[in-house]
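Residue numbers (this note's numbering): 210 to 835.
Backbone N, C-alpha and C fix where the C-beta goes; we use that ideal spot for every residue, glycine too.
As the structure is a computational prediction, the values presented were derived from the model and not from experiment.
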């Protein structure tokens with residue numbers, strides 16, 4: 210065994226069957242299953258590794274894993290923030306299919322009937338399962354029953370029985386977003402700020418260069434921590450029987466990456482060390498790279514396949530390692546999906562598709578510009594500087610796009626444009642590619658069905674935490690909502706009669722989405738302003754009234770403030786209030802830059818709520834600002 214040196218630079222039958230297998234195995238003293246370890250870093254996109262980008266950090270311990278393993282070039286975290294991404298990892302399911310896509314959970318949700326978090330299956334098969342220690346799942350606490358032998362800051366694979374295979378997760382927080390909140394003087398940095406390569410959508414300022422250098426330094430630090438853990442595995446004599454997965458839990462973390470369904474928010478590193486005794490379970494030789502596209506939904510079935518455990522049919526992913534995987538088929542995989550909904554107090558609805566060399570953004574509420582205030586994001590000084598430069602008119606067209614309304618859809622060639630700055634959606638040369646991406650996206654969100662099309666307050670009220678069953682019951686309804694949203698992509702004259710009908714629909718969510726679609730058309734939809742004005746004043750559903758008022762404000766047809774203030778005074782639901790306040794902040798910081806007096810709201814039952822709505826109140830009251 211070569212020495213590792215730390216460097217500086219199914220319920221029921223299935224459960225019984227697995228348990229009997231485990232008992233028989235240990236009775237004979239055998240250990241015919243590999244160990245599996247996840248070394249998970251936080252918030253770091255693939256571009257921060259020298260393995261993926263010449264301007265990235267040198268990480269010699271991770272690079273040694275790569276030399277004795279496989280580097281996956283195209284891996285996507287599905288969500289650009291931790292809790293939906295980790296919910297995807299632990300379930301093997303796309304979060305919007307379950308109602309687990311909002312960050313963080315207000316209502317914990319159930320898994321589909323018959324499905325468990327994947328370590329449960331390993332444990333039933335005799336594995337010792339441990340997590341140290343971040344979980345951050347958007348699922349009900351009951352879903353964690355019998356998942357981990359231990360999940361805590363003390364959890365260790367070392368506490369298992371002799372010869373027992375183990376699955377262990379070790380989380381490293383050194384690259385987390387919060388590590389960039391403190392400002393560091395250049396003299397404290399190892400990386401020279403003048404040596405960094407600034408992304409094209411960022412302003413090239415001393416502060417941004419400082420943050421780039423600081424983040425590269427953090428990668429060197431986390432690499433040392435990773436090296437120490439690998440050295441421990443070697444000292445324990447288990448390295449030659451242990452698969453090691455090293456990956457980030459989502460992309461990030463400089464402004465405009467974490468929290469945004471784009472390449473820099475979703476594309477993460479994945480390096481898998483292949484143990485000498487288990488090379489027959491992988492489709493590529495050690496030291497190779499794989500181009501096939503992998504998603505976080507694929508990791509759970511991959512671990513189960515490596516362990517020889519049946520993969521539940523309820524999972525969305527498929528294994529990329531294991532006895533049945535071939536390199537030819539793996540390299541033919543070309544699709545990955547991503548999702549961005551409410552992150553903290555900030556609402557949006559964006560879906561992402563990677564297909565071949567193209568990425569596609571579907572912005573279903575494109576008036577919600579990316580830079581809309583989010584308290585946690587704006588704790589990073591670079592965010593605040595970026596916003597200040599925008600307000601002063603000191604950004605170029607690429608840099609200022611972050612603070613302006615988005616197109617409903619964007620198309621990028623990431624081989625030529627890895628940071629997605631040149632939108633090809635309106636280029637006739639790419640019309641065929643655009644049509645294919647559009648169809649693929651429509652089929653995916655409809656097929657799930659995607660619960661992001663249900664407003665979060667409605668989902669909480671109607672689903673009772675069983676998102677999967679709720680989605681199946683409402684599949685046709687959600688398909689109608691998606692169709693209304695996709696009218697945004699057609700000429701207004703063509704869809705006007707359908708919008709007129711949808712604005713009068715019996716289902717309030719059809720009226721809700723019709724109003725959103727009118728806002729996307731903007732002033733072009735002024736012919737419908739009279740009907741929308743009536744909705745703002747008297748629709749029986751508060752969220753429909755909010756979207757109608759939003760249209761009036763965005764188009765300049767009428768002052769939306771009286772409508773919005775009345776709705777806010779009427780609601781007693783802090784989740785509903787937070788969604789409405791998202792529109793208030795949109796109209797305050799974006800066009801038409803309206804000022805709101807919140808004094809009349811102090812008597813509402815939600816005004817002093819400690820949840821996400823509190824962040825909006827602090828900002829709007831001037832207690833926390835950009």
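Chain-order list of residues whose beta-carbon lies under 7 Å from that of residue i (same chain, five-residue window excluded)
i           : result
residue 759 : 728, 769 and 792
residue 531 : 490, 511, 514 and 515
residue 821 : 553, 554 and 787
residue 327 : 299, 301, 509, 512 and 513
residue 493 : 279, 499 and 536
residue 695 : 651
residue 833 : 584 and 827
residue 592 : 464 and 586
Cβ neighbour criterion (16 or more within 10 Å) applied to residue i
i           : result
residue 568 : buried
residue 394 : exposed
residue 197 : Since the first and last residues shown for the chain are 210 and 835, residue 197 lies out of range.
residue 351 : exposed
residue 464 : buried
residue 288 : buried
residue 684 : exposed
residue 640 : exposed
Three-state class that DSSP yields for residue i in the structure shown
i           : result
residue 827 : helix
residue 603 : coil
residue 408 : coil
residue 520 : coil
residue 255 : helix
residue 691 : helix
residue 591 : helix
residue 418 : helix
residue 315 : coil
residue 428 : helix
residue 697 : helix
residue 549 : strand
residue 247 : strand
residue 489 : helix
Through-space distance from residue j to residue i, alpha-carbon basis
i           : j           : result
residue 242 : residue 339 : 16 Å
residue 623 : residue 460 : 16 Å
residue 619 : residue 693 : 19 Å
residue 401 : residue 280 : 28 Å
residue 638 : residue 644 : 12 Å
residue 805 : residue 617 : 28 Å
residue 414 : residue 397 : 18 Å
residue 477 : residue 551 : 21 Å
residue 343 : residue 488 : 30 Å
residue 774 : residue 580 : 24 Å
residue 746 : residue 456 : 50 Å
residue 319 : residue 669 : 13 Å
residue 798 : residue 349 : 36 Å
residue 829 : residue 732 : 27 Å
residue 817 : residue 667 : 22 Å
residue 780 : residue 811 : 13 Å
Own chain partners of residue i with C-beta closer than 6 Å, once the 5 adjacent residues on each side are dropped
i           : result
residue 264 : 406
residue 598 : 412 and 604
residue 730 : 701
residue 766 : 738
residue 717 : 750 and 753
residue 356 : 326, 328 and 329
residue 711 : 693, 719 and 723
residue 708 : 723
Residue i and residue j closer than 8 Å at C-beta
i           : j           : result
residue 762 : residue 801 : yes
residue 594 : residue 416 : yes
residue 298 : residue 427 : no
residue 529 : residue 245 : no
residue 475 : residue 547 : yes
residue 449 : residue 486 : yes
residue 473 : residue 634 : no
residue 629 : residue 369 : no
residue 502 : residue 543 : yes
residue 323 : residue 373 : no
residue 789 : residue 744 : no
residue 431 : residue 250 : yes
residue 410 : residue 611 : yes
residue 385 : residue 252 : yes
Residues near residue i by beta carbon distance below 8 Å, same chain, minus five either side
i           : result
residue 609 : 599
residue 238 : Note that residue 238 has pLDDT 42, beneath the 50 cutoff, so the model's placement of it is unreliable and the number below is only indicative. Correct list, in chain order: 372.
residue 764 : 728, 731, 732, 734, 735 and 738
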